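Number of protein chains: 2
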Amino acid sequence: MTDDIKRLALACKEAAQPLSQLSSQAKADLLQAMAAALEADGAAILAANAQDLQAAREGGLGSAMLDRLLLDDKRLAGMAAALREVASLPDPVGQVTREEVRPNGIRVRKVRVPLGVIAMIYEARPNVTADAAALCIKAGNGVILRGGKEAIHSNTAIAASLRRALRQAGLPEAAMTLVTDLRRETMLELLQLNDIVDLAIPRGGEGLIRFVAEHARVPVIKHYKGVCHLYVDADADLDLAVKLVVDGKVSRPSACNALETLLVHQDIAGAFLPLAAKALLARGVELRGDEACRVLVAEAKPATDEDYAAEFLDLVLAVRVVPDMASAIDHIRHYGSDHTEVIATRNDAHAATFIQSLRAAVVMVNASSRFSDGGELGLGAEIGISTTRLHSYGPMGLEALTVERFVVEGAGQTRVPIAID
Amino acid sequence: MTDDIKRLALACKEAAQPLSQLSSQAKADLLQAMAAALEADGAAILAANAQDLQAAREGGLGSAMLDRLLLDDKRLAGMAAALREVASLPDPVGQVTREEVRPNGIRVRKVRVPLGVIAMIYEARPNVTADAAALCIKAGNGVILRGGKEAIHSNTAIAASLRRALRQAGLPEAAMTLVTDLRRETMLELLQLNDIVDLAIPRGGEGLIRFVAEHARVPVIKHYKGVCHLYVDADADLDLAVKLVVDGKVSRPSACNALETLLVHQDIAGAFLPLAAKALLARGVELRGDEACRVLVAEAKPATDEDYAAEFLDLVLAVRVVPDMASAIDHIRHYGSDHTEVIATRNDAHAATFIQSLRAAVVMVNASSRFSDGGELGLGAEIGISTTRLHSYGPMGLEALTVERFVVEGAGQTRVPIAID
Numbered sequence: 001m002t003d004d005i006k007r008l009a010l011a012c013k014e015a016a017q018p019l020s021q022l023s024s025q026a027k028a029d030l031l032q033a034m035a036a037a038l039e040a041d042g043a044a045i046l047a048a049n050a051q052d053l054q055a056a057r058e059g060g061l062g063s064a065m066l067d068r069l070l071l072d073d074k075r076l077a078g079m080a081a082a083l084r085e086v087a088s089l090p091d092p093v094g095q096v097t098r099e100e101v102r103p104n105g106i107r108v109r110k111v112r113v114p115l116g117v118i119a120m121i122y123e124a125r126p127n128v129t130a131d132a133a134a135l136c137i138k139a140g141n142g143v144i145l146r147g148g149k150e151a152i153h154s155n156t157a158i159a160a161s162l163r164r165a166l167r168q169a170g171l172p173e174a175a176m177t178l179v180t181d182l183r184r185e186t187m188l189e190l191l192q193l194n195d196i197v198d199l200a201i202p203r204g205g206e207g208l209i210r211f212v213a214e215h216a217r218v219p220v221i222k223h224y225k226g227v228c229h230l231y232v233d234a235d236a237d238l239d240l241a242v243k244l245v246v247d248g249k250v251s252r253p254s255a256c257n258a259l260e261t262l263l264v265h266q267d268i269a270g271a272f273l274p275l276a277a278k279a280l281l282a283r284g285v286e287l288r289g290d291e292a293c294r295v296l297v298a299e300a301k302p303a304t305d306e307d308y309a310a311e312f313l314d315l316v317l318a319v320r321v322v323p324d325m326a327s328a329i330d331h332i333r334h335y336g337s338d339h340t341e342v343i344a345t346r347n348d349a350h351a352a353t354f355i356q357s358l359r360a361a362v363v364m365v366n367a368s369s370r371f372s373d374g375g376e377l378g379l380g381a382e383i384g385i386s387t388t389r390l391h392s393y394g395p396m397g398l399e400a401l402t403v404e405r406f407v408v409e410g411a412g413q414t415r416v417p418i419a420i421d
Numbered sequence: 001m002t003d004d005i006k007r008l009a010l011a012c013k014e015a016a017q018p019l020s021q022l023s024s025q026a027k028a029d030l031l032q033a034m035a036a037a038l039e040a041d042g043a044a045i046l047a048a049n050a051q052d053l054q055a056a057r058e059g060g061l062g063s064a065m066l067d068r069l070l071l072d073d074k075r076l077a078g079m080a081a082a083l084r085e086v087a088s089l090p091d092p093v094g095q096v097t098r099e100e101v102r103p104n105g106i107r108v109r110k111v112r113v114p115l116g117v118i119a120m121i122y123e124a125r126p127n128v129t130a131d132a133a134a135l136c137i138k139a140g141n142g143v144i145l146r147g148g149k150e151a152i153h154s155n156t157a158i159a160a161s162l163r164r165a166l167r168q169a170g171l172p173e174a175a176m177t178l179v180t181d182l183r184r185e186t187m188l189e190l191l192q193l194n195d196i197v198d199l200a201i202p203r204g205g206e207g208l209i210r211f212v213a214e215h216a217r218v219p220v221i222k223h224y225k226g227v228c229h230l231y232v233d234a235d236a237d238l239d240l241a242v243k244l245v246v247d248g249k250v251s252r253p254s255a256c257n258a259l260e261t262l263l264v265h266q267d268i269a270g271a272f273l274p275l276a277a278k279a280l281l282a283r284g285v286e287l288r289g290d291e292a293c294r295v296l297v298a299e300a301k302p303a304t305d306e307d308y309a310a311e312f313l314d315l316v317l318a319v320r321v322v323p324d325m326a327s328a329i330d331h332i333r334h335y336g337s338d339h340t341e342v343i344a345t346r347n348d349a350h351a352a353t354f355i356q357s358l359r360a361a362v363v364m365v366n367a368s369s370r371f372s373d374g375g376e377l378g379l380g381a382e383i384g385i386s387t388t389r390l391h392s393y394g395p396m397g398l399e400a401l402t403v404e405r406f407v408v409e410g411a412g413q414t415r416v417p418i419a420i421d
């Protein structure tokens with residue numbers, strides 16, 4: 001049976017209604033039950049995953065893809081633990097963000113409510129099925145999950161397990177709907193349903209995200225890439241700046257919050273670059289620098305314009321020596337991706353100017369770009385990250401899966417006096 | 001010369017940068033200067049408006065449209081006063097909405113920043129040119145104004161006046177850009193510029209809004225219509241409920257927050273409907289009711305299904321008697337537009353259930369739907385209203401023209417320990 005995607009989406013919207021009214025305790029209990037269900041169904045889930053892995057090997061998928069696809073006891077335990085962590089987070093629904101009694105006596109509150117129905121579009125990692133469902137449900141939303149075909153058996157088994165927990169909690173399973181018809185035209189249909197789907201969140205490679213953004217009629221929150229910069233100011237603390245560039249580049253090169261380009265003020269380049277290069281080269285980082293950089297660092301290869309625009313996601317770092325902070329800011333405005341930008345400086349005025357002059361979702365002073373992450377920034381969890389400036393900007397937590405609406409209480413106030421005879 | 005719309009939009013994005021960095025005082029002074037400029041240029045603006053009016057008359061536009069188009073000394077003074085009111089509002093930019101020091105010592109703040117570039121797409125009212133520009137600028141945004149062709153001379157004169165104030169404040173005029181090439185394909189081009197325009201806000205008839213929503217690649221915040229309901233519960237205060245229905249329907253029938261349908265619990269219909277009908281009929285309201293209503297109110301005409309879905313924007317009210325609150329909620333879910341829904345009741349539990357069961361942007365208890373307005377709800381001003389649940393939901397004030405981003409300050413913290421030898 002092929003999915004009738006509109007029927008599925010409508011059922012999810014219907015099912016989202018009781019979910020939106022659940023108490024915080026009921027949602028926490030539900031997520032605990034989902035974690036237990038995953039553990040109870042571990043054997044079935046791993047068996048389904050084995051099918052996916054075999055198909056992937058036969059399909060000749062690379063080892064990186066196979067690793068993303070792989071589930072084992074440890075990763076299953078990690079999925080269950082993640083569900084329990086989400087269960088323990090504060091419930092954003094019902095939070096009062098603004099309260100005022102107007103001169104006419106009406107009481108006006110802004111109260112967080114769920115967005116409604118969220119469509120998650122993702123690729124090979126089966127754990128996203130559980131992680132994303134947990135966050136959407138915690139915020140009282142229905143969720144439509146459309147994962148990659150490589151993981152279809154794993155996702156189906158995980159979804160079946162989580163849906164059983166919904167059913168046993170007396171909730172409609174449709175609140176969590178896995179799309180099993182993975183034809184591209186079906187995804188296109190889903191992305192057109194702007195009367196049903198309140199938000200689509202694509203997670204994966206730039207190709208997937210661009211496809212979703214190009215074709216969606218529903219609102220999309222996305223980020224394409226992270227071309228993150230560290231600017232080392234003239235009066236930066238040298239050792240501090242070296243630590244930031246090493247952590248930013250080396251601690252997890254494949255992350256979107258890893259550093260891709262180092263900008264150094266010319267007055268400090270002579271002292272800083274040899275130190276930084278030594279630490280980076282010792283950790284296997286390839287440096288691609290401009291003329292001024294290569295005078296100071298013999299090992300640096302020449303940098304091209306493409307290098308300054310690149311998200312390497314690898315142990316490669318572009319380097320440029322700049323005459324002043326304004327040039328660094330211009331460089332970042334030209335090549336940056338509005339993700340995360342960092343300045344190393346001891347000068348508060350320079351830090352303030354750097355922050356004010358850049359549009360990025362996350363701007364940092366004397367801290368590693370690798371902290372640009374929902375968990376590290378205190379959101380508790382991360383459903384995604386936005387580099388577009390509407391609704392949410394930067395790492396997105398549970399609050400980003402809600403919206404504030406107005407609740408007004410009065411005692412018969414009217415806009416004009418009404419005389420009833 | 002026809003506009004190169006992309007060039008104009010890019011210039012506006014460039015110009016938005018210095019605007020985004022202005023102090024609150026500088027923005028307030030700028031808006032005061034804009035108000036003074038409008039007053040100083042009053043004669044030129046009225047002369048331009050006279051051209052528009054003459055063309056409109058020659059084009060055979062109706063009197064309602066002519067009235068929307070008309071400017072006179074009183075309306076000019078009103079535009080200037082509106083600018084001064086916006087000048088006096090608190091500045092949302094720079095507001096810290098969240099602050100936390102993480103266990104590792106990094107200080108994380110969420111800070112409001114401007115959205116960037118906002119495109120306003122509107123119809124005949126020339127005052128929107130000044131009102132919308134003022135709100136966008138107050139929130140530090142560049143604004144691209146695309147008004148209706150009926151008002152092109154008025155809009156050009158108003159924009160010239162306001163841009164002079166920008167220039168005299170030492171700011172790039174492009175921060176406020178009026179589109180004078182009103183070809184539809186040019187608007188389409190503008191709506192495709194998702195790398196430049198951060199938000200489009202269409203204001204006008206449902207046709208314009210649907211056109212923008214259908215064709216935009218840029219994010220759009222919209223509301224199509226307001227089909228607002230008053231549900232009179234079994235234990236409502238009768239006089240209070242009569243006042244709410246009269247105010248909701250009569251105080252300004254053409255407003256989107258006016259009542260269109262009255263739902264009455266059957267247990268109170270016999271006592272309430274004759275009272276309400278008397279007050280409404282005395283004010284010239286046409287009633288269209290179901291069978292049960294027409295038994296109680298002889299003057300009521302039969303209501304059709306279309307009547308229950310209609311935004312009359314006129315002295316017409318649809319009426320239905322319902323067996324219980326659940327039926328009222330089902331009716332609203334089916335026919336409502338997620339704008340504003342009101343319950344009249346003395347029963348707190350019923351009020352809570354009504355609020356929780358409805359998705360509307362504004363839900364009210366014992367207050368007139370006509371308070372569903374940015375000014376009345378305490379936002380200070382209103383740039384528009386959203387019935388879609390992303391970014392902003394309901395009346396939108398200055399905050400809705402900003403987004404929160406992360407500002408992080410550290411002392412060299414790294415994600416992993418980094419040893420520098």
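Taken in order, these protein sequences are the chains called A and B.
Quick note: the first sequence uses the UniProt record's numbering, first residue 1, plus one each step.
Quick note: the second sequence uses the UniProt record's numbering, first residue 1, plus one each step.
From the three backbone atoms N, C-alpha and C, an ideal C-beta is built for every residue, glycine too.
Note that the coordinates shown come from a computational prediction; the quantities given were computed from them, not determined experimentally.
A direct Cα-Cα distance of roughly 9 Å separates Leu-287 (chain A) from Leu-315 (chain A).
The contact set of Met-364 (chain B) on chain A, defined by CB atoms closer than 9 Å, consists of Ile-106, Phe-406, Val-407, Val-408, Glu-409 and Gly-410 in chain order.
Its chain contains Ile-45, Leu-46, Asn-49, Pro-126 and Ser-154 as the residues whose beta carbon lies nearer than 7 Å to that of Leu-71 (chain B), once the 5 sequence neighbours on both sides are disregarded; these appear in chain order. Across the structure, Cys-293 (chain A) and Val-108 (chain A) are spaced so that their CA atoms are roughly 59 Å apart. Your pair Val-322 (chain A) and Leu-358 (chain A) does not check out as a contact, with CB atoms roughly 14 Å apart and the cut at 8 Å. Boundaries of the beta strand (DSSP E) harbouring Gln-413 (chain A): 402-413, taken from the DSSP string. Taking a cut-off of 8 Å on C-beta distances, the stretch 385-401 of chain A touches the stretch 88-97 of chain A, as three or more cross pairs fall below it.
According to the DSSP secondary-structure assignment, Cys-228 (chain B) is paired through a beta bridge with B:Leu-259.
Contact with chain B is absent for Gln-54 (chain A), since none of that chain's Cβ atoms lies less than 8 Å from the residue's Cβ. Contacts between Tyr-393 (chain B) and chain A, judged by CB atoms closer than 7 Å, involve Val-403, Glu-404 and Arg-405 in chain order. Residue range 340-344 is occupied by the beta strand (DSSP E) that includes Thr-340 (chain A). Listed as beta-bridge partners of Leu-390 (chain B) by DSSP are no residues whatsoever. For the options B:Ala-159, B:Ala-200, B:His-215 and B:Ala-157, the alpha carbon positioned closest to that of Arg-184 (chain B) is the one of B:His-215.
By alpha-carbon distance to Leu-22 (chain A), the top candidate from A:Lys-74, A:Asn-141 and A:Gly-60 is A:Asn-141. Short of 8 Å from the beta carbon of Ala-36 (chain B), and not among the five residues preceding or following it, lie these beta carbons of its own chain, in chain order: Ala-80 and Ala-165. For Glu-382 (chain B), not one C-beta of chain A is nearer than 8 Å to its own C-beta. Looking only at A:Glu-404, A:Asp-247 and A:Val-319, the smallest Cα-Cα distance to Ala-269 (chain A) is reached by A:Val-319. Rounded to the nearest angstrom, the gap between the Cα atoms of Ala-151 (chain B) and Leu-145 (chain A) is 47 Å. Per the Cβ contact rule, the stretch 353-369 of chain B is in contact with the stretch 241-251 of chain B (3 or more Cβ pairs under 8 Å). Counting along the chain, Pro-114 (chain A) sits inside the beta strand (DSSP E) bounded by residues 107-114. Annotation for Glu-189 (chain A): the continuous alpha helix (DSSP H) segment containing it runs 184-192. For Thr-304 (chain A), there is no enclosing alpha helix (DSSP H), as DSSP marks it with neither H nor E.
For Leu-31 (chain A), the closest of A:Glu-341, A:Ala-169 and A:Leu-10 by C-alpha to C-alpha distance is A:Ala-169. Contact between the stretch 189-200 of chain A and the stretch 49-66 of chain A is absent: fewer than 3 CB-CB pairs across the two stretches fall below 8 Å. Under the Cβ distance rule, Asp-195 (chain B) does not count among the residues neighbouring chain A, no pair being separated by less than 8 Å.
Within a 10 Å sphere around the beta-carbon of Arg-210 (chain A) sit fewer than 16 other beta-carbons, which makes this residue exposed.
With respect to Val-212 (chain B), Pro-202 (chain B) sits close: the two C-beta atoms are nearer than 8 Å. A direct Cα-to-Cα measurement between Lys-74 (chain A) and Asp-67 (chain A) gives close to 13 Å. Contact annotation: in the stretch 69-83 of chain A, no residue has its CB less than 8 Å from a CB in chain B. Remark: fewer than three beta-carbon pairs, one from each stretch, lie closer than 8 Å, so the stretch 270-283 of chain B and the stretch 384-394 of chain B are not flagged as touching.
Collapsing the DSSP output to three states places Arg-146 (chain A) in a strand. Minimum Cα-Cα distance from Ala-130 (chain B) among the listed residues B:Val-96, B:Tyr-231, B:Glu-39 and B:Ala-351 corresponds to B:Glu-39. For the stretch 236-248 of chain B, the residues whose beta carbon sits under 9 Å from a beta carbon of chain A are, in order, Asp-237, Asp-239, Leu-240, Ala-241, Val-242, Lys-243, Leu-244, Val-246, Asp-247 and Gly-248.
Ala-309 (chain A) and Arg-405 (chain B) have their alpha carbons spaced roughly 23 Å apart. Annotation for Ile-118 (chain B): the continuous beta strand (DSSP E) segment containing it runs 117-122. Chain order gives no chain A residues near Ala-303 (chain B), where near means a beta carbon separation below 7 Å; the closest approach is about 24 Å.
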